[in-house]
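See below for the structure under consideration.
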């Protein structure tokens, strides 16, 4: 059979079968209606908050059964502002017992029109107080890995400084001038650290370390360090690595644009594609919350390719970022998948998105992020839903029930434009959790191939500690990009602004270092908290795939059907993931699969079986195998 004949026969079959497919009326999915909730302890009510532009309109609260059938469990009416709140008691509902509860709001803005919010995922609801679902993190607090005289760190980074294959510890010291701005603690390979700052660092004086940036600035295959310093200290500290973890001060690094400003953070990023990283530094007011003005600028420094930096005066003159906000930091990632790095700058006011034109010139793109994502203290790019685009996780003050913690890139599974972000669903802090998140770390904590999140928090007097949220894809067998709190995470109460993760003891899983600047315990173990993981990474993590994308080109189109037909009848290339090519989910790969895909694409047929349109996973090592798809984070 020829390729043309295969395409003709398959298309004809799909059109013929499509005639018997009946259209189904489904409610409109509306981003204009939002719902958030605070999970309840067993026996208590769930608190719900609804936000919409539709005042004085009735709405229904819909719950999803284990078979994903929706049914009404409560109702209400929005107020004059279009918002509403209510409590929901469901512990005696046997249909929902022991399953992860999904809720949505359905609202009628006009006669005959229906708008439904996106579903939110809550903790499993037990029938009685004895029930519940446990997820053990298997972490233990380590008390003897740091020297007793280690100062309290403000920021921690775990990186291999000396090239011996294990993770060493960098501590920026912000409030102890006698300790200097930076400490270098070298790992012996078992997770025990020795303070070798005096041997490996030049005299750095008594300046304070506000933030740490680590990258190979001069392309010599080792990691160099930039220490961002505090108020009234004219220069940041650039340290060049000699390849063995010993550092020399680079005195050519430019003075600050505004010496009296406080550097809050920044990012290394190769913006112009020459292999050498540029630096964006975010400045804020001298105090925690000061008057806005020229001290709140960002500056961009260009790398000449050898690690020598010069200030980009054009960037400052363009004023791409509103100077009337306190800039707190930045992250880099290719949000529109055009091959270059874009920047997300988080601030006390509205956040900013800077899009790269491919040459390193940045253009204002903040219309592509929601206007209300403000007062953000930390951010990370990560592909949380495994749909091959970068989403944004935000750490900030989440006092409002509708505060945004997750922004989903609308490319990929969302079917929209790459690089445009909309709020995703994320649980609200509950009792015993701090609503003030000062930082975060996105990493694959449980080793199952998706992005989990740890928030560094500010303790508010109630014993609040950092929170771990586990992605429900992978080992959790749920939807990638949905998160549940792991309440067994054993962090101590305190004030945290930084979290570092790496395998410090060489056992194959991620351990954590959390500097605790608000610890009331004077021990080194409490002030620089180290959590050792006993959850070893699985040697064969679950496999992620998207049904229908047979040729793995991140698009679902005619080429996927032809790819399968060529494999079946012409000896063509085997699909990278046969489970993805099994469009109808029958467990076998045959002619019915490309026909089902063509029917969906061109004749209004049934969509491919789950996982679709997003990515899912399978731990079944049957004939229809896949290669692993790992999440990407910046």
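Numbering (our numbering), first residue to last: 60 to 693. Just so you know, even glycine gets a beta-carbon here, dropped at the ideal spot from N, CA and C.
Whole-angstrom C-beta distance between residue j and residue i, which should lie under 8 Å
i: residue 516; j: residue 555; result: 6 Å
i: residue 311; j: residue 355; result: Residue 311 to residue 355, Cβ: 26 Å. No contact.
i: residue 172; j: residue 572; result: So it is not a contact: roughly 52 Å between Cβ atoms.
i: residue 364; j: residue 333; result: 6 Å
i: residue 297; j: residue 279; result: No, residue 297 and residue 279 are not in contact; Cβ-Cβ is about 14 Å, not under 8 Å.
i: residue 640; j: residue 649; result: Not confirmed; about 10 Å, so no contact.
i: residue 455; j: residue 434; result: 5 Å
Cα-Cα separation, residue i to residue j
i: residue 584; j: residue 616; result: 55 Å
i: residue 375; j: residue 232; result: 29 Å
i: residue 219; j: residue 274; result: 11 Å
i: residue 646; j: residue 558; result: 43 Å
i: residue 132; j: residue 665; result: 29 Å
i: residue 488; j: residue 437; result: 17 Å
i: residue 357; j: residue 667; result: 47 Å
i: residue 627; j: residue 634; result: 10 Å
i: residue 453; j: residue 459; result: 14 Å
i: residue 350; j: residue 430; result: Low confidence applies to residue 350: its pLDDT is 48, below 50, so where it sits in the model is not reliable, and the reading given next is rough at best. Roughly 22 Å separates the two Cα atoms.
i: residue 169; j: residue 92; result: 14 Å
i: residue 267; j: residue 223; result: 29 Å
i: residue 146; j: residue 104; result: 6 Å
i: residue 304; j: residue 221; result: 4 Å
i: residue 387; j: residue 344; result: 10 Å
i: residue 523; j: residue 565; result: 30 Å
i: residue 519; j: residue 462; result: 19 Å
i: residue 451; j: residue 561; result: 21 Å
i: residue 119; j: residue 631; result: 51 Å
i: residue 260; j: residue 238; result: 12 Å
i: residue 165; j: residue 176; result: 7 Å
i: residue 580; j: residue 263; result: 29 Å
i: residue 397; j: residue 281; result: 28 Å
i: residue 326; j: residue 655; result: 47 Å
i: residue 283; j: residue 439; result: 21 Å
i: residue 609; j: residue 658; result: 15 Å
Minimum C-alpha distance to residue i - residue among the options
i: residue 144; options: 431, 118 and 108; result: 108
i: residue 546; options: 565, 570, 490 and 147; result: 490
i: residue 442; options: 216, 577 and 530; result: 530
i: residue 506; options: 592, 576 and 466; result: 592
i: residue 606; options: 619, 552, 572 and 670; result: 670
i: residue 323; options: 407, 563 and 243; result: 407
i: residue 541; options: 508, 485 and 575; result: 485
i: residue 539; options: 621, 503 and 521; result: 503
i: residue 241; options: 455, 209, 96 and 249; result: 209
i: residue 569; options: 217, 435 and 293; result: 217
i: residue 213; options: 574, 581, 644 and 643; result: 574
i: residue 446; options: 477, 417 and 426; result: 477
i: residue 198; options: 642, 527, 552 and 248; result: 527
Outcome for residue i when other beta-carbon atoms lying within 10 angstroms are tallied against a minimum of 16
i: residue 130; result: exposed
i: residue 496; result: buried
i: residue 115; result: exposed
i: residue 271; result: buried
i: residue 206; result: exposed
i: residue 694; result: Because the chain is modelled from 60 through 693, residue 694 falls outside the range shown and cannot be assessed.
i: residue 265; result: exposed
i: residue 140; result: exposed
i: residue 482; result: buried
i: residue 257; result: exposed
i: residue 318; result: exposed
i: residue 134; result: exposed
i: residue 125; result: No answer about residue 125 holds up, because its pLDDT of 49 lies below 50 and its placement is not dependable.
i: residue 525; result: buried
i: residue 612; result: exposed
i: residue 465; result: buried
For residue i, the residue or residues it bridges with in DSSP
i: residue 145; result: 107
i: residue 268; result: 288
i: residue 321; result: 343
i: residue 117; result: 136
i: residue 501; result: 512
i: residue 162; result: 122 and 179
i: residue 482; result: 466
i: residue 455; result: 435
i: residue 592; result: 198
i: residue 405; result: 388
i: residue 294; result: 314
i: residue 517; result: 554
i: residue 338; result: 327 and 360
Distance cut-off 7 Å: residue i Cβ against heavy atoms of the ligand FAD
i: residue 666; result: Absence of the ligand FAD from the depicted structure is noted, as is the absence of any ligand whatsoever, leaving it without description.
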